[in-house]
Amino acid sequence: MHNFRKITENLYNIGANDRRITMFENAHPVPRGMSYNSYLLLDEKTVLLDGVDNAIIEQFWQNLTAVLDGRQLDYLVINHLEPDHCHPIPELLRRYPGLTIVANKKAFTMLDQFYEVELEGRMLEVKEGDQLQTGKHNLTFYFAPMVHWPEVMVTYDSTSKILFSADAFGTFGATDGKMFADQYKFEEEYLPEVRRYYASIIGKYGRNVNNLFDKIADLDIKMFCTLHGPIWRQDLHLILDKYRQWASYIPEERGVVIAYGTVYGNTALAAEILANKLADGGVENIRVYDVTSTHPSYILSDCFRFDRIVFASATFNAEIFPYMETLLLELKAHNLSNRTVAVVENGSWALSSGKKMREILDQMKDITVLEQTLSIKSSLKGPDVEALEELAKALLAA
Ligand code: FEO
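The numbers in numbering that gives the first Met the number 0 rise by one with no breaks, and the one at position 155 of the sequence shown is 154.
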């Protein structure tokens, strides 16, 4: 049975939700599932803009067949050649002999890498700014390399004033019936997961996101049709403002993330005492995380949100506690910058986690490491509480 959604007079979303998935890209937890959007435009020509993941392929075929209602498929526009959007391509080529694939050179190269398809006479390679008239609609292609892969482009329909934005403006989580972002409470229902999605998927590529914004700045855009999550049709500035901050690594608000890696609870106690002192000092936004029990994507997301971070780690085999090292490398890999951080270390016989954490932090851009620190020998003692007090003061003043 089909289950498509009509967006405008002749534009449909023929994608679907996958609520069985637990880890998107086998890397990011998605406790509320994942949605994959695929857009079908019925003009004088029929145009599919991106496909879907294997997980929802049967629903995709049902939807495609129903919306086409006997028509042939003329074009497939590939904005992003990642397999979560490309699974149906070989079968689309088989089912629709008149189908032409519209993509850029990089996407065609990757298409050949991922799939065994015969494309002779079925390729329309586009360059930056090229246009495709499909009848009443005029599509223009703007390249958006590294938002999220190098072949990514976005497609602007100047007739409907819609930007098909590939992964940009997407989010983790299946949609709950509601197709548009304005149907969700932005702060509570939408923002936490769109932030975590941005940080995890696109966070590394802030400069590229800003480059894309420069390119589309003069376009009259009424709608963002993303490949994941609800469509934006009003108050576009809400998501654009967030993207501009994230892309420039500017904290959204003041607040302190305290991430600790503990073996027997002594490092955890230091983190808890520090959190108390910060709260007593008037800090409203404090997030304390045990790195062992919290997936790094959640901590990464809060590190994109807040301006100060404390890393408190036990020494483990003379190294950083493993989950803490993973977190630090994740933050570095996602280019987190422009933050003030503090380091707390603990060790019983080879106190070295602080030095090793600083080595990673020194490789990151515009990270200010506070001089105030705390070195715990196994468990907190009287003088350590004074050091925690100084650390809290420095964090409050930062
Ligand atoms: Fe939704 Fe980068 O793929």
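Backbone N, C-alpha and C define an ideal beta-carbon position, used for all residues, glycine too.
For clarity, every value in this text was computed on a predicted model and none was experimentally measured.
Provide the residue span of the beta strand (DSSP E) that contains residue 222, from first to last.
One-based indexing of the sequence shown puts residue 222 at position 223. Element bounds for residue 222: 222-224.
Looking at the structure shown, is residue 0 part of a helix, part of a strand, or coil, going by DSSP?
Translated into positions along the sequence shown, residue 0 becomes position 1. Here residue 0 sits in coil by DSSP.
Inspect the beta-carbon positions of residue 340 and residue 310 and report whether they are closer than 8 Å.
Reading the sequence shown from its first residue, position 341 is the one you call residue 340. Reading the sequence shown from its first residue, position 311 is the one you call residue 310. In contact: residue 340 and residue 310 (Cβ atoms closer than 8 Å).
Nearest by alpha-carbon distance to residue 124: which of 147, 152, 237 and 391 is it?
Counted from its first residue, the sequence shown places residue 124 at position 125. If we check each option's Cα against that of residue 124, 152 comes out closest.
Does residue 210 have its Cβ less than 8 Å from a Cβ in chain C?
As a matter of chain content, chain C is missing from the structure shown, which is built from one protein chain.
Which value, in whole angstroms, describes the spacing of the CA atoms of residue 271 and residue 345?
Translated into the one-based positions of the sequence shown, residue 271 becomes position 272. Translated into the one-based positions of the sequence shown, residue 345 becomes position 346. Rounded to the nearest angstrom, the two C-alpha atoms are 15 Å apart.
Report whether the distance from the Cβ of residue 68 to the nearest heavy atom of ligand 1 is below 7 Å.
Position 69 of the sequence shown holds residue 68. Every heavy atom of ligand 1 is 7 Å or more from the Cβ of residue 68, so no.
Quick check on DSSP: helix, strand or coil for residue 162?
Reading the sequence shown from its first residue, position 163 is the one you call residue 162. Residue 162: strand per DSSP, three-state reduction.
In angstroms with no decimal places, state the Cα-to-Cα distance between residue 347 and residue 56.
The residue given as residue 347 occupies position 348 in the sequence shown. The residue given as residue 56 occupies position 57 in the sequence shown. Cα to Cα, residue 347 sits roughly 54 Å from residue 56.
Would you say the beta carbon of residue 80 comes nearer than 7 Å to a heavy atom of ligand 1?
As a first step, residue 80 is located in the sequence shown; it is residue number 81 there, counting from the start. Not under cutoff, so the answer is no.
Give the straight-line distance between the Cα atoms of residue 359 and residue 48, rounded to the nearest whole angstrom.
For this step, residue 359 is matched to residue 360 along the sequence shown. For this step, residue 48 is matched to residue 49 along the sequence shown. One C-alpha to the other measures close to 41 Å.
Does ligand 1 have even one heavy atom less than 7 Å from the beta-carbon of residue 110?
Your numbering for residue 110 matches position 111 in the sequence shown. Every heavy atom of ligand 1 is 7 Å or more from the Cβ of residue 110, so no.
Cut-off 8 Å between Cβ atoms - residues of its own chain near residue 97, not counting five sequence neighbours on either side:
Along the sequence shown, one-based indexing puts residue 97 at 98. So the list reads 71, 72 and 73, once near-sequence residues are dropped.
For residue 109, the first and last residue of its enclosing alpha helix (DSSP H)
As a first step, residue 109 must be located in the sequence shown, where it is residue number 110. Start and end: 104-113.
Per DSSP, cross-strand counterpart(s) of residue 367
Here the question's residue 367 lines up with position 368 in the sequence shown. 339.
Considering only the alpha carbon of each residue, which of 50, 116 and 33 lies closest to residue 40?
For the purposes of this step, residue 40 is taken as residue 41 along the sequence shown, with counting starting at 1. Of 50, 116 and 33, the residue nearest in Cα terms is 50.
Please go through the same chain and pick out, in chain order, the residues whose beta-carbon is closer than 7 Å to the beta-carbon of residue 362, but skip the five residues on each side of it.
Counted from its first residue, the sequence shown places residue 362 at position 363. 331, listed in sequence order.
Indicate whether residue 192 and residue 172 have their beta-carbon atoms separated by less than 8 Å.
Walking along the sequence shown from the start, residue 192 turns up at place 193. Walking along the sequence shown from the start, residue 172 turns up at place 173. Going by C-beta atoms, residue 192 is nearer than 8 Å to residue 172.
Pair within 8 Å by beta-carbon distance, residue 164 and residue 27:
Counted from its first residue, the sequence shown places residue 164 at position 165. Counted from its first residue, the sequence shown places residue 27 at position 28. Contact: no.
Cβ of residue 277 within 7 Å of any heavy atom in ligand 1?
Residue 277 sits at position 278 when you count from the first residue of the sequence shown. No; taking the cut-off as 7 Å, the Cβ of residue 277 has no heavy atom of ligand 1 nearer than that.
Between the alpha carbons of residue 236 and residue 190, how many angstroms are there, rounded?
Your numbering for residue 236 matches position 237 in the sequence shown. Your numbering for residue 190 matches position 191 in the sequence shown. Cα to Cα, residue 236 sits roughly 14 Å from residue 190.
Quick check on the DSSP output: the alpha helix (DSSP H) that includes residue 193 runs from which residue to which?
Your numbering for residue 193 matches position 194 in the sequence shown. Taken as a continuous stretch (DSSP letters only), the alpha helix (DSSP H) holding residue 193 covers 190-196.
Just verifying my parser: in three-state terms, what is the DSSP assignment at residue 318?
Within the sequence shown, the letter at position 319 stands for residue 318. Strand.
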